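A.B. asks: Mind the numbering: the sequence shown is residues 1 to 420 in the numbering used here, read in order.
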Amino acid sequence: MALNRVQRPTRTTETPKQPQRSTAPKRTATPQKASPKKSGGTDRSSKLKQKIQNNQKRVKMGKGIFRDDVSVDFYTPKAGEHIVDIVPFDMGPDSPIFRGKPLTVEGDPDYVLDLWVHYGEGVGADQSVICLAQTFEKKCPICEHRQQLMADGETEKADQLKSKRRTIYNVVSYDSRADEAKGVQVWNVAFFYIEKHLLKLAKQPIRSGRTDIDPYINFASEFSDGKSISFEIDDKGEYAEYGGHKLLDRDYDLPQEVIEGAHQLDQLINIPEYEDVYQLHYMEEETTEGEEDFQVPEEDEVEETSVPARGRGRARQPEPVVEEEVQEDTEESQDEVVEDVQEEIEETPPPKPARRARMPKQKEPVVEDENPCIGEGTFGVDNGNLNECDECSVFDSCFEEGERLKSQDKPKTPRGRSRR
């Protein structure tokens, strides 16, 4: 590129008599004449373009658990009372796996998609990605990193990598005529807000010996034996609380257009590959144009080698110079050298991470007079209740703040204050 800059004045003086170009900035016109063949221009330009494309893909990767090529209406209930009907769907080929088998066989009906999600991933720590280990019983680089941290005694950092349980439903909302007119909507909500309560309500107590009563309530049936779900969200305090869960009798079947409008939920989600999650988690990028493309370790290497550091803990590894010292030392015996090297490794603190690290929770600054919620909600109040919760880097802190507020009888933390 420096060569092109040297040639620019020469090329400009070759055409000083062209009046039609005299009013145009020389800096704009000159690059159009520069030869891309010099200084490796074509190859360098191609690499830079590819770099931009790779970064765009990497930043976009894991942005949410839903695919970008699907368009659905999402149900986002606010404070107040709510009534919804759950609409069952036929499971597709991507059912979550449990004990080596699909939770629901392809083609069989189901009413919920039960997932585990990692939050706070990516370059900006604002992305979410499905946990491959707990959802599909596959290798998950984030879970592997968490196990490494646990083995190193970094419990607090390991806790930051825990996945969160989410449940996705097809629902028809009767909150308003406008909401009902939308038809089937997709409801993405934390497991402990709804599903945990529904599973308790679905089993009714019966007297011993009664066999004529089914103890299990099929609340998700599309026919009149199904139930409407009633609940309320209270935000009178400084936190949102789901309560009042009830199963309401109904005297109608779900309309055929509603049944046909149910989304095949497993086909709405973005199921990443191991390599995608690895790159997203460790944020690996090429630093120079001469470096080789990023390579994800083979499966055997994943189990045998230490997990790269990501600001949440670094595996201790001997530096390459240690081996050179052993080879160059000819005066000491090999056993003595190895013993000295081992002592040096134990005494040498692990190197500091080169990339920006996400700090442990207690070291993060407290945000004063600012609501860290990335949506239109309130920190500690609307946790798991907004679409933005899937992309939120402070999801855990928000939930913990809500739990903390619930357990206190004294005046609550003012709105907008973050306890991270």
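Don't be surprised by glycine CBs; every beta carbon is placed ideally from N, CA and C. Keep in mind that this is a model prediction, so the values were computed, not measured.
DSSP state of residue 27, grouped into three classes?
C.D. replies: Caution is warranted here: a pLDDT of 41 is assigned to residue 27, below 50, making its placement in the model unreliable, and no coordinate value can be reported.
A.B. asks: In terms of DSSP beta bridges, what is residue 168 paired with?
C.D. replies: DSSP, once it has assigned bridges, lists 113, 188 as partnering residue 168.
A.B. asks: Less than 8 Å between the CB atoms is what I'm expecting for residue 91 and residue 105, so what's the real figure, rounded?
C.D. replies: The Cβ separation is near 7 Å, so the contact holds.
A.B. asks: For residue 228, which option in 203, 126, 172, 114 has the closest C-alpha, if you only look at C-alpha atoms?
C.D. replies: Among 203, 126, 172, 114, the Cα nearest to that of residue 228 belongs to 172.
A.B. asks: Does the beta-carbon of residue 195 have 16 or more other beta-carbons within 10 angstroms, so that it is buried, or is it exposed?
C.D. replies: When all chains shown are included, residue 195 counts as buried.
A.B. asks: Measure the alpha-carbon distance for residue 167 versus residue 43 and round it to whole angstroms.
C.D. replies: Going from the Cα of residue 167 to the Cα of residue 43 covers about 48 Å.
A.B. asks: Quick one: any contact between the segment 239 to 249 and the segment 141 to 157, if contact means 3 or more CB pairs under 8 Å?
C.D. replies: Short answer: they don't touch.
A.B. asks: What residue range does the beta strand (DSSP E) around residue 256 cover?
C.D. replies: Here residue 256 belongs to no beta strand (DSSP E); instead the alpha helix (DSSP H) covers 256 to 260.
A.B. asks: Leaving out five residues before and five after residue 180 in sequence, what residues of the same chain have Cβ atoms less than 7 Å from its Cβ?
C.D. replies: Closer than 7 Å at Cβ, skipping near neighbours: 172, 173, 174.
A.B. asks: Put residue 145 into one of helix, strand or coil per three-state DSSP.
C.D. replies: Helix at residue 145.
A.B. asks: Quick test of the definition: if touching needs 3 or more C-beta pairs under 8 Å, does the segment 250 to 263 touch the segment 115 to 125?
C.D. replies: Segments in contact, no.
A.B. asks: Going by the beta-carbon positions, is the gap between residue 277 and residue 123 smaller than 8 Å?
C.D. replies: Result no, Cβ atoms of residue 277 and residue 123 do not sit closer than 8 Å.
A.B. asks: For the candidate residues 275, 230, 110, 372, whose alpha-carbon lies nearest to that of residue 250?
C.D. replies: Considering only alpha carbons, the answer is 230.
A.B. asks: From residue 81 to residue 120, what distance separates their C-alpha atoms?
C.D. replies: Those two C-alpha atoms are separated by around 31 Å.
A.B. asks: For residue 379, which beta-bridge partners are listed by DSSP?
C.D. replies: None; residue 379 has no bridge partner.
A.B. asks: Taking the C-alpha atoms as reference points, what is the distance between residue 222 and residue 185?
C.D. replies: Spanning the two alpha carbons is a distance of roughly 15 Å.
A.B. asks: In angstroms, rounded to a whole number, what distance separates the CA positions of residue 165 and residue 217?
C.D. replies: Taking the straight line joining both Cα atoms gives about 23 Å.
A.B. asks: Using beta-carbon positions only, say whether residue 170 and residue 89 come within less than 8 Å of one another.
C.D. replies: For residue 170 and residue 89, yes; Cβs fall inside 8 Å.
A.B. asks: Going by beta carbon distance, what residues of the same chain come within less than 6 Å of residue 246, once the five residues before and after it are set aside?
C.D. replies: Hits under 6 Å: 230.
A.B. asks: With DSSP run on the structure shown, which of helix, strand or coil describes residue 128?
C.D. replies: Looking at residue 128 - three-state DSSP - the assignment turns out to be strand.
A.B. asks: Give me the residue from 281, 183, 109 with the minimum Cα distance to residue 256.
C.D. replies: Closest by alpha carbon: 183.
A.B. asks: For the alpha helix (DSSP H) containing residue 197, name the first residue and the last one.
C.D. replies: Per DSSP, residue 197 belongs to the alpha helix (DSSP H) from 195 to 201.
A.B. asks: Among 378, 279, 401, 402, which one has its Cα closest to the Cα of residue 127?
C.D. replies: Looking at the Cα atoms, 279 is the closest of the given residues.
A.B. asks: Can you round the beta-carbon distance between residue 405 and residue 377 to whole angstroms, since I take them to be within the 8 Å contact cut?
C.D. replies: Actually they are not in contact, since the Cβ atoms of residue 405 and residue 377 sit about 14 Å apart, beyond 8 Å.
A.B. asks: Sorted by chain position, which residues of the same chain lie with C-beta nearer than 6 Å to residue 83's C-beta, five sequence neighbours on each side aside?
C.D. replies: Counting only Cβ-Cβ distances below 6 Å, and skipping sequence neighbours, we find 174, 228, 230.
A.B. asks: Please confirm whether residue 139 and residue 149 have their CB atoms less than 8 Å apart.
C.D. replies: Against a cut-off of 8 Å, the Cβ pair of residue 149 and residue 139 comes out as no contact.
A.B. asks: DSSP three-state label for residue 281, please.
C.D. replies: Looking at residue 281 - three-state DSSP - the assignment turns out to be helix.
A.B. asks: Between 270, 70, 134, which has its C-alpha nearest residue 101's C-alpha?
C.D. replies: Minimum Cα distance to residue 101 is reached at 134.
A.B. asks: For residue 234, which of helix, strand or coil comes out of DSSP?
C.D. replies: If DSSP states are grouped into helix, strand and coil, residue 234 belongs with the strands.
A.B. asks: For residue 402, does the three-state DSSP call read helix, strand or coil?
C.D. replies: The answer is helix: DSSP assigns residue 402 an H, G or I state.
A.B. asks: Contact defined as beta carbons within less than 8 Å: I believe residue 267 pairs with residue 94. What is the distance between those atoms, to the nearest angstrom?
C.D. replies: Confirmed, about 7 Å.
A.B. asks: Could you give the distance in angstroms between the alpha-carbon of residue 274 and the alpha-carbon of residue 281?
C.D. replies: If you take the alpha carbons of residue 274 and residue 281, they lie about 11 Å apart.
A.B. asks: Is residue 70 buried or exposed, if buried means 16 or more other CB atoms sit within 10 Å of its CB?
C.D. replies: With fewer than 16 Cβ atoms within 10 Å of its Cβ, residue 70 is classed as exposed.
A.B. asks: DSSP three-state call for residue 216: helix, strand or coil?
C.D. replies: The answer is strand: DSSP assigns residue 216 an E or B state.
A.B. asks: For chain B, find out if any of its Cβ atoms is closer than 8 Å to the Cβ of residue 377; answer yes or no.
C.D. replies: Checking the listed chains, one finds no chain B in this structure; it contains a single protein chain.
A.B. asks: Roughly how many angstroms separate the alpha carbons of residue 253 and residue 224, rounded to a whole number?
C.D. replies: Cα-Cα distance, rounded: 5 Å.
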